[in-house]
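Chains as they are written, first to last, in our numbering: chain A, 6 to 105; chain B, 155 to 628.
Cβ coordinates follow ideal geometry from the N, Cα and C atoms, glycine included.
As the structure is a computational prediction, the values presented were derived from the model and not from experiment.
Here's what the structure looks like:
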């Protein structure tokens, strides 16, 4: 396991997380995240072959209900809180490039 | 301010009114909120309407419920319909949720009066309220010190007498640690006992809503009202809520109390002295003391700081400028997403999102996140073994009394260590309670922590009550 993160690692993670970092932030976060991962090395080094991973402490799985119609949130009330809406939908800037 | 128990009793009996109690609470908020920065929003109009409804029910000879007329403060990550809810973040500034959390519906159904939303670390990521986008809360016991966090505002609301009760959320200690630092009672219930519907998600497999109060009895009163199965939360436990008040005076005679080495090691001397005194008090009340070691607790911090950020990086992906909150315009949707998140999130939130993204990314998933989930299994099994030899466990809540502003902000790891004694319980899914016991440096309060197996709240509250009585509380 790499004993620290490189600036390039952090830049890649920031891009995946949709965050823009300044050069200064990149330096700071590289140092701080490396420290935390250094602390987590105790876990990465353990031999846990055969141990089952836990996602829910009491093992509830696949909770289902009958597929019945029931009230949902009021559309106008929800859209009123959106940054932009039109014709009963959320509105966003363009997603695709211009047609060629 | 009277206890919540007393207020509810008097309002139900008609010897005081919900409106009069609300006035007392609002006056306390007006007097101190500018100095302490406890409330981000006070909902005077909504509180007034709720109080009037309670008084009308009493006048009509009906019972408004177990929390009749009791003012309650709500951590600002609890959605309340039409009331500004920010989770301490700029990215949700101005948002008014279109629905209310189940806990708020249950409060209203029990006659409680929600008075407003309290300050918190941004998205509950922090241990001091210093990561709030709206400035830190000050500790009512000493305004030069932090109140703890992330639910620091809710702890300060109760500790300052603004409201007799409040709700917080606890992912790694965010109720218990501020309760300890502010000198009040704070409870992290069994995972799934309280519905998370309407709680803004941080780390869904760890988050749990719980009460703050000035007494064990008041905390039990509030927890009884908010707990129990909710079909809107698929992780909610199926069984009915436990009865707590009926067992409050059960005591600890004949119980085995395990003092856990890993839940005190490294704590300051004043904190250790309080844990020793609590141990003696439980022994005096008839408990048998056993000394235990749970070495897995030492891995808790590392496992937590992989699991919680991993879940957070996924949960916080929803803040993309499309459906609610902030949008920073840009030429296309991807650039808009990125500009919005970059402007809307603070440094600690960005740090944890990146940590989680890294722990989940290709090539590192097995080494970090996968390993952490297995350590979680080992933690659960370790506690299960400990509970073969003890009914209740005792440790410290926080390693120190309330610290100074700025003291732990420069190095994230030192801040994370504030939660070293509280995190193991969240990983195990078990309940724990912090009870004020003694005082430490500068006369600041110290909290001790009692832990129990899942669904053992009744026994835990009875043990906490023993400590409270030993403290001289009637």
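Using a 10 angstroms sphere on the CB of residue 67 (chain A), the tally of other CB atoms stays under 16, which defines it as exposed. Around the C-beta of residue 423 (chain B), fewer than 16 other C-beta atoms lie within 10 Å, and the residue is accordingly described as exposed.
Between residue 22 (chain A) and residue 521 (chain B), the C-beta spacing is not below 8 Å.
Residue 608 (chain B) has a beta carbon lying within less than 8 Å of a beta carbon in chain A. One finds nothing in chain A with a Cβ atom closer than 7 Å to the Cβ of residue 393 (chain B); even the nearest lies about 11 Å away.
By the beta-carbon neighbour count (other beta carbons within 10 angstroms, threshold 16), residue 188 (chain B) is exposed. Listed in chain order, the positions of the segment 332-365 of chain B with a beta carbon within less than 7 Å of a beta carbon of chain A are 345, 346 and 359.
Between the C-alpha atoms of residue 255 (chain B) and residue 321 (chain B) there is a straight-line separation of about 12 Å.
Distance from residue 608 (chain B) to residue 344 (chain B) at the Cβ level is roughly 5 Å; contact confirmed, criterion being Cβ atoms closer than 8 Å. Judged by beta-carbon spacing, residue 201 (chain B) lies within the 8 Å limit of residue 267 (chain B), meaning their Cβ atoms are closer than that value. In the displayed model, residue 401 (chain B) falls within a helix according to three-state DSSP. Straight-line measurement puts the Cα of residue 621 (chain B) at about 44 Å from the Cα of residue 473 (chain B).
Within chain B, no C-beta atom comes nearer than 7 Å to that of residue 72 (chain A); the closest sits roughly 13 Å away. DSSP links residue 446 (chain B) through a beta bridge to B:414. In the DSSP secondary-structure assignment, residue 299 (chain B) is bridged to B:558. Per DSSP, reduced to three states, the secondary structure at residue 44 (chain A) is helical. Membership of residue 310 (chain B) in the alpha helix (DSSP H) is indicated by the continuous run 306-313.
Residue 16 (chain A) has a beta carbon lying at 8 Å or more from every beta carbon in chain B. Within the segment 509-560 of chain B, the complete beta strand (DSSP E) segments of 3 residues or longer fall at 546-550, listed in chain order. From the beta-carbon of residue 91 (chain A), no residue of chain B is found nearer than 8 Å; the closest lies around 13 Å away. With contact defined as three or more Cβ pairs closer than 8 Å, the segment 609-619 of chain B and the segment 396-409 of chain B are in contact. Secondary structure at residue 575 (chain B): coil, using DSSP grouped into helix, strand and coil. For residue 255 (chain B), there is no enclosing alpha helix (DSSP H), as DSSP marks it with neither H nor E.
For residue 91 (chain A), the three-state secondary structure derived from DSSP is strand. By the Cβ-count criterion, residue 447 (chain B) is exposed, with fewer than 16 other Cβ atoms from all chains shown falling within 10 Å of its own Cβ. DSSP places residue 425 (chain B) in the uninterrupted alpha helix (DSSP H) bounded by 423-438.
Taking C-beta atoms as the reference points, residue 301 (chain B) and residue 225 (chain B) fail to come closer than 8 Å. What residue 448 (chain B) touches in chain A, judged by beta-carbon distance under 8 Å, is nothing: the nearest beta carbon there is about 16 Å away.
Contact annotation: the segment 362-381 of chain B touches the segment 325-342 of chain B, with at least three C-beta pairs closer than 8 Å. Residue burial annotation: residue 566 (chain B) is buried, with at least 16 other C-beta atoms found within 10 angstroms of its C-beta. Relative to the Cα of residue 272 (chain B), the nearest Cα in the group B:245, B:572 and B:230 belongs to B:230.
Chain-ordered, the chain A residues with CB closer than 7 Å to the CB of residue 456 (chain B) read 44, 45, 47 and 48.
In terms of Cβ geometry, residue 287 (chain B) and residue 309 (chain B) do not form a close pair [threshold 8 Å]. A Cβ-Cβ separation of about 7 Å places residue 591 (chain B) in contact with residue 431 (chain B) under the 8 Å criterion.
Annotation note: the segment 258-292 of chain B contains the following uninterrupted beta strand (DSSP E) runs of length 3 or greater, listed N- to C-terminal: 267-272. By the Cβ neighbour-count rule, residue 57 (chain A) is exposed, with fewer than 16 other Cβ atoms within 10 Å of its own.
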